[in-house]
Amino acid sequence: MRHDIDQMTRRSRRFSLDIMAGSRASMTLAWAGTAEDAMSDFTPLQELGPLAPVEQAGQALECYLDHYGLSPLLAGTMDLHVGYVDAHGFRLWTQVWTPQDPIGTIWVVHGYYDHLGLYRHLLECLLERNWRVVLWDLPGHGLSSGPRASIGDFDEYGACLNDLRQELESRELVAPPWVGIGQSTGAAILATDALTRDDNSYWQGLALLAPLVRPWGWSQSSWLHRLVGPFVRSVPRRFRENSTDSDFAAFLREGDPLQPDRLAMEWVDAMRRWMPRLLALPPSRVPTLILQGEQDSTVDWEWNLDVLDRKFPNAEICRHPEARHHLVNEAESIRRSLFADLARFLADLEEGFEALPPERRRCS
Numbered sequence: 009m010r011h012d013i014d015q016m017t018r019r020s021r022r023f024s025l026d027i028m029a030g031s032r033a034s035m036t037l038a039w040a041g042t043a044e045d046a047m048s049d050f051t052p053l054q055e056l057g058p059l060a061p062v063e064q065a066g067q068a069l070e071c072y073l074d075h076y077g078l079s080p081l082l083a084g085t086m087d088l089h090v091g092y093v094d095a096h097g098f099r100l101w102t103q104v105w106t107p108q109d110p111i112g113t114i115w116v117v118h119g120y121y122d123h124l125g126l127y128r129h130l131l132e133c134l135l136e137r138n139w140r141v142v143l144w145d146l147p148g149h150g151l152s153s154g155p156r157a158s159i160g161d162f163d164e165y166g167a168c169l170n171d172l173r174q175e176l177e178s179r180e181l182v183a184p185p186w187v188g189i190g191q192s193t194g195a196a197i198l199a200t201d202a203l204t205r206d207d208n209s210y211w212q213g214l215a216l217l218a219p220l221v222r223p224w225g226w227s228q229s230s231w232l233h234r235l236v237g238p239f240v241r242s243v244p245r246r247f248r249e250n251s252t253d254s255d256f257a258a259f260l261r262e263g264d265p266l267q268p269d270r271l272a273m274e275w276v277d278a279m280r281r282w283m284p285r286l287l288a289l290p291p292s293r294v295p296t297l298i299l300q301g302e303q304d305s306t307v308d309w310e311w312n313l314d315v316l317d318r319k320f321p322n323a324e325i326c327r328h329p330e331a332r333h334h335l336v337n338e339a340e341s342i343r344r345s346l347f348a349d350l351a352r353f354l355a356d357l358e359e360g361f362e363a364l365p366p367e368r369r370r371c372s
């Protein structure tokens, strides 16, 4: 029996369950040393207290911001809050980037294996449009607490998002209108949140990037994970070329100390239980943009788009023939095209904000 389980475990490694999202673009901004060297510098950040304004970054935070290419975004009159927010029993590493007189608040939710440090390109794009941006590491990811790359139930992700919003709103750090942008699992979290709300006006818009409904190869691999799960807690992660930017892919493998190196069976089980719950939810008329690469071998994108087209009847679906999975860290030419679609979607939303009631019209 032990031999059979070992055989199944080895076979399971061949299946694509990298429901991820993370990446970064330019290796010229990456850490010059090894991943282990960088981790020793990031560890002190876990000792930071509650979310607070950054007046002068200490050495550990400066190292972190430099490593992920975030430091240049602090130029000008940008306000940055960094630290931890207690949410649903987790300590969530959180950043709030606020330009002068922001249009509204965009909540960015990353994907499996990911963390907020990998979203420099998207953050820059949103700040240039004068949005306040909230980014946070999911439980078990990046610098947040929790079992590494694992979760007991996908509903915990949604609970964290709601607790985070309530805390930041109570501190007057954010204000409507709200827009959500999620990559892969992050898109699944936002889609679930929108579909479970009776109020279609809560979210002014959603942008779902390479959204997860089910992973690529799920029909073949699901039975194997069901068999192996009771005996194996995790399997080694296989780093996939999830972007046409080879420098970014190399950075994930070799230069990012916050990348998990194992796939947790508990997370797969949580995803399995979440799928039918999503399929059972009623549609939402929230304005939605879905961006999808046709070379994506991480999610079952054709099946997923069919599902989400029914769940979000107002959705606009934009497919890119060359893009892979991690859309915010694609090669520059592809990323430029994808971000043009996103910018157009946001511009349409911004035009409609004048029709909102005053309390939902503008951040303050």
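Numbers given in the numbering used here equal positions in the sequence shown, counted from 1, plus 8.
For each residue, glycine too, the CB sits at the ideal point set by N, CA and C.
Compare the Cα-Cα distances from residue 291 to each of 346, 318, 308, 126 and report the closest residue. For this step, residue 291 is matched to residue 283 along the sequence shown. Checking every option, the nearest Cα to that of residue 291 belongs to 318.
Length at least 3, wholly inside the segment 156–190: the beta strand (DSSP E) runs in chain order: Runs found: none.
Are the beta-carbon atoms belonging to residue 334 and residue 302 less than 9 Å from one another? As a position in the sequence shown, residue 334 is number 326, starting the count at 1. As a position in the sequence shown, residue 302 is number 294, starting the count at 1. Going by C-beta atoms, residue 334 is not nearer than 9 Å to residue 302.
Problem set entry | Simplified DSSP state of residue 154, which is helix, strand or coil | Taking the sequence shown and counting its residues from 1, the one referred to as residue 154 is at position 146. In this structure, residue 154 counts as coil in the three-state DSSP scheme.
### Task
Note down, one range per segment and in chain order, each beta strand (DSSP E) of at least 3 residues found wholly within the segment 89–138.
98–106, 113–117
Cβ contact check for the segment 254–262 and the segment 178–190: 3 or more pairs under 8 Å
no
Does the beta-carbon distance from residue 90 to residue 59 come in below 9 Å? The residue labelled residue 90 in the question sits at position 82 within the sequence shown. The residue labelled residue 59 in the question sits at position 51 within the sequence shown. Yes, they are a contact pair.
Practice task
Starting from the Cα of residue 84, find the closest Cα among 106, 221, 65 and give me that residue.
Solution key: Within the sequence shown, numbered from 1, the residue matching residue 84 stands at position 76. Among 106, 221, 65, the Cα nearest to that of residue 84 belongs to 106.
Notebook entry, point to check: Pick from 151, 104, 146: whose alpha carbon is nearest that of residue 166?
Noted result: Start at 1 with the first residue of the sequence shown, and residue 166 comes out as number 158. Answer by Cα proximity: 146.
Practice problem: Kindly indicate the opening and closing residues of the alpha helix (DSSP H) around residue 340. | Solution: In the sequence shown, residue 340 corresponds to position 332, counting from 1. Note, residue 340: alpha helix (DSSP H), 340–360.
_Host alpha helix (DSSP H) of residue 311 (start-end)_ = Here residue 311 refers to the residue found at position 303 of the sequence shown. Unbroken alpha helix (DSSP H) run through residue 311: 309–319.
Problem set entry | Proximal residues to residue 8 (C-beta, below 8 Å), its chain only, five neighbours per side dropped | No answer is possible for residue 8: it lies beyond the span of the chain, which begins at 9 and ends at 372.
Worksheet item: If you pair each beta-carbon of the segment 210–225 with each one of the segment 131–142, do three or more pairs fall below 8 Å?
Response: Flag = no, the segment 210–225 and the segment 131–142 do not touch.
inquiry  = Applying the 10 Å Cβ sphere with the 16-neighbour rule, what's the burial state of residue 323?
reply    = Here residue 323 is taken as the residue at index 315 of the sequence shown, counted from 1. That one is buried.
- [ ] Determine the burial state of residue 99: buried for a count of at least 16 other Cβ atoms within 10 Å of its Cβ, exposed for fewer.
- [x] Within the sequence shown, residue 99 is the residue found at index 91, counting from 1. Burial state of residue 99 is buried, judged by a 10 Å Cβ sphere holding 16 or more other Cβ atoms.
* Taking the runs of the beta strand (DSSP E) that are 3 residues or longer, which of them lie wholly in the segment 223–272? -> If we require 3 residues or more, the beta strand (DSSP E) runs fully inside the segment 223–272 come out as 242–244, 270–272.
query: Taking the DSSP output, what are the residues bridged to residue 87?
result: To locate residue 87, count along the sequence shown from 1; it is residue 79. DSSP lists 106 as partners of residue 87.
Do the CB positions of residue 104 and residue 122 come within less than 9 Å of each other?
Against the sequence shown, residue 104 aligns to sequence position 96. Against the sequence shown, residue 122 aligns to sequence position 114. It is not a contact, given that the beta carbons lie outside the stated cut-off.
**Study point:** Contacting residues, own chain, Cβ-Cβ under 7 Å from residue 96 (five flanking each side not counted)
**Key:** Within the sequence shown, numbered from 1, the residue matching residue 96 stands at position 88. Excluding positions up to five away in sequence, the list reads 164, 167, 168, 171.
task = Compute the distance between the beta-carbons of residue 102 and residue 141, then report whether it is under 9 Å.
result = Against the sequence shown, residue 102 aligns to sequence position 94. Against the sequence shown, residue 141 aligns to sequence position 133. Not in contact: residue 102 and residue 141 (Cβ atoms no closer than 9 Å).
- request: Give the range of the alpha helix (DSSP H) segment to which residue 75 is assigned.
  value: Here residue 75 is taken as the residue at index 67 of the sequence shown, counted from 1. From DSSP, the alpha helix (DSSP H) with residue 75 extends over 67–75.
Between the alpha carbons of residue 253 and residue 221, how many angstroms are there, rounded? Along the sequence shown, read from residue 1 onward, the residue named residue 253 stands at position 245. Along the sequence shown, read from residue 1 onward, the residue named residue 221 stands at position 213. The straight-line gap from Cα to Cα measures roughly 25 Å.
What residue from 257, 242, 240 has the CA that sits closest to residue 248's CA? The residue given as residue 248 occupies position 240 in the sequence shown. Closest by alpha carbon: 257.
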